[in-house]
Amino acid sequence: MSRFLYADHAATTALSPAALEAMLPLMQTEYGNPSSLYSFGQQAKEVLDNARAQVAAALHADPSEIFFTSGGTESDNWAVKGVAEARKNKGRHIITSAVEHHAVLYTAKYLEKQGFEVTYLPVDGYGMVSPDSLRAALRPDTILVSVMTANNEVGTIQPIKELAQAAHEGGAIFHTDAVQAVGHIPVDVEELGVDLLSLSGHKFCGPKGAGALYVRRAVPISSLFHGGGQEHTRRSGTENTAGIAGLAAALAAAVAAMPAESARLTALRDKLTAGLSAIPRTRFTGHPTQRLPGNASFIFECIEGEALILRLSALGICSSTGSACSSKSLEPSHVLMAMGLPHEIVHGSLRLTLGEENTEEDVDYLIRSVTQVVAGLRELSPIWEG
Amino acid sequence: MALYSDKVMDHFTNPRNVGEVENANAVGQVGNAVCGDIMKMSMRIENDIIQEVKFKTFGCGSAIATSSMATELVKGKSVDEALKLTNQAVAEALDGLPPQKMHCSVLAEEAIRAALADYYTRQGINPVPIVGCIEDCDCCNH
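Chains as they are written, first to last, in numbering that gives the first Met the number 0: chain G, 0 to 385; chain B, 0 to 141.
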């Protein structure tokens, strides 16, 4: 049976028809450079302005606080490096968490080599950062705190409002990598009180290669890209008008559909979780309730993740794992390790992230397939006592 | 170009000689769960020939494929011939492995050696001069 079941929406998502529709004219006939003075260019600028307003509205920010980038990684790099550079005379201490995406983590490690000091806050068994541990880590020379809104591997949603408050009480700027959260759960920069926020188009049915950084007015941040002065001189480079238009259209659609869609996905995910939890010696990882609607992550003892993913792929299923063998570095998932899970079982991890096109039928197929594949790999395993 | 060759995918999807040999007189296990790779080889050796050989593996696609192929390469062979099995031979028989997965073929070779070492140990013969030193998996630094 040749079936295609995409269950890896945390990795990327399909471009929505609305996004494609917004993008096409910009790739075909409306190709003007928004910086050009003639009307053909100014028309492109208008597209840009409308996109900016749409993104701002979705986040409850002002359009002047939205800057377009090439994606989540650039936004994360810019936020962390940009604030470090702008405030390095005030202090050189940065705080982040042990479960951040590598775009933040490796940027922090890079800054350590440049003479900054970084504290990596530990997390509990659910992958949650505690505001108390942040308060304890803050110092007079702390200039930046960066904690992600929701984790890409286990879906845990952080207490961002409390963390931002704690950071401000400590005199630090607060950035959040909201790449997995935007478009899936309500994200309101006023309510959360964050100073900087990263988002990425291809995580909510927008195109790859387009993202944004929210920068609260008056927050000091140096630029990464110097040049033609686009994005109010903050981020030079001719604007990716098609990508930006697609991102804005996708975000507007995601926000409109959110109440119904998140309820639908939560129900599907909960059914999936119940079905897979019936497999013996299985752990459900991440917070049980404070988690992204479509995210279901597990550990199956005595089997290895890459083998699991490949056998599921043969059944038409797209999924992901945090096993060492599947990573470029041959290191197991730093997120699962930070959550205190025993090293020996971290290899047997599976992440399924449901999205727009997944149905109840898909969930039934996933339950049957994962159950079958796990049993098959356990038969092969010398450490499984049937 | 795909991650794995067709031969690797075949041995991974349809592994040969899975299980544990009854009345085995040669059993070896290498690797560890922290590393994410454990291979167990069991054999029944009679008249110096590996009459039966089976494997069990906890590990990735390469780990399963290399251990499956290793059993195929030693089945029916003499102990001397099995001792000559190298990880390169296993990798070549599979039409090659990605560079970062070559250590799986090394583990498969070591699993065979561990079983053969056990064969000699059970007879009261010191296996080290014949089989060599069975080192623990050093694919990771734990």
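We put the CB at the ideal spot given by N, CA and C, even for glycine.
Owing to the predicted nature of the structure, the values given are computational and were not obtained by experimental measurement.
Neighbouring residues, chain G, relative to residue i (Cβ below 7 Å)
i                     : result
residue 132 (chain B) : Per Cβ cutoff of 7 Å: no residues; residue 132 (chain B) is ~22 Å from chain G at best.
residue 32 (chain B)  : 343, 382
Euclidean distance between Cα positions of residue i and residue j
i                     : j                     : result
residue 10 (chain B)  : residue 222 (chain G) : 52 Å
residue 138 (chain B) : residue 16 (chain G)  : Note that residue 138 (chain B) scores 47 on pLDDT, short of 50, meaning its location in the model is unreliable; the coordinates nonetheless yield the value given after this. Roughly 46 Å separates the two Cα atoms.
residue 344 (chain G) : residue 302 (chain G) : 8 Å
residue 135 (chain G) : residue 121 (chain G) : 12 Å
residue 121 (chain B) : residue 382 (chain G) : 23 Å
residue 93 (chain B)  : residue 99 (chain G)  : 38 Å
residue 351 (chain G) : residue 75 (chain B)  : 43 Å
residue 326 (chain G) : residue 319 (chain G) : 11 Å
residue 117 (chain B) : residue 39 (chain B)  : 12 Å
residue 123 (chain B) : residue 129 (chain B) : 13 Å
residue 12 (chain B)  : residue 287 (chain G) : 34 Å
residue 268 (chain G) : residue 85 (chain B)  : 47 Å
residue 308 (chain G) : residue 114 (chain G) : 40 Å
residue 69 (chain G)  : residue 277 (chain G) : 42 Å
residue 56 (chain B)  : residue 116 (chain G) : 43 Å
residue 294 (chain G) : residue 127 (chain G) : 15 Å
residue 95 (chain B)  : residue 37 (chain B)  : 21 Å
residue 152 (chain G) : residue 260 (chain G) : 20 Å
residue 40 (chain G)  : residue 32 (chain G)  : 5 Å
Partner residues on chain B for residue i, Cβ-Cβ distance less than 7 Å
i                     : result
residue 333 (chain G) : Near residue 333 (chain G) there are no residues of chain B at all, since even the closest Cβ is about 14 Å away, more than 7 Å.
residue 346 (chain G) : 35
residue 309 (chain G) : 11, 60
Endpoints, alpha helix (DSSP H) assigned at residue i
i                     : result
residue 201 (chain G) : Here residue 201 (chain G) belongs to no alpha helix (DSSP H), and DSSP marks it neither H nor E.
residue 80 (chain G)  : 71–86
residue 368 (chain G) : 359–379
residue 121 (chain B) : 101–121
residue 164 (chain G) : 159–168
residue 61 (chain B)  : 60–73
residue 345 (chain G) : 342–345
residue 132 (chain G) : 130–136
residue 295 (chain G) : Note, residue 295 (chain G): premise wrong, no alpha helix (DSSP H); beta strand (DSSP E) at 294–299.
residue 53 (chain G)  : 38–58
Closer than 8 Å at the beta carbon, the chain B residues around residue i
i                     : result
residue 381 (chain G) : 28, 37, 38, 39, 55, 56, 57
residue 305 (chain G) : 59, 60
Residues that residue i contacts on chain G, provided the C-beta gap is smaller than 8 Å
i                    : result
residue 63 (chain B) : 306, 379
residue 17 (chain B) : 378, 379
residue 97 (chain B) : Neighbours of residue 97 (chain B) on chain G: none; closest Cβ ~11 Å, over 8 Å.
residue 14 (chain B) : 379
Counted within 10 angstroms of its Cβ, other Cβ atoms place residue i as buried (16 or more) or exposed
i                     : result
residue 51 (chain B)  : buried
residue 225 (chain G) : exposed
residue 104 (chain B) : buried
residue 126 (chain B) : buried
residue 25 (chain G)  : buried
residue 213 (chain G) : buried
residue 132 (chain B) : exposed
residue 63 (chain G)  : exposed
residue 271 (chain G) : buried
residue 331 (chain G) : buried
Whole-number beta carbon distance between residue j and residue i, since they are thought to touch under 8 Å
i                    : j                     : result
residue 65 (chain G) : residue 211 (chain G) : 6 Å
residue 83 (chain G) : residue 143 (chain G) : 6 Å
residue 80 (chain G) : residue 110 (chain G) : 7 Å
residue 29 (chain G) : residue 43 (chain G)  : 6 Å
Listed by chain order, chain B residues near residue i by CB distance under 9 Å
i                     : result
residue 322 (chain G) : 35, 59
Under 9 Å from the C-beta of residue i: neighbouring residues of chain G
i                    : result
residue 25 (chain B) : Those within 9 Å of residue 25 (chain B) in chain G number zero; the least Cβ separation is about 15 Å.
Run of the beta strand (DSSP E) containing residue i, from where it starts to where it stops
i                    : result
residue 52 (chain B) : 48–57
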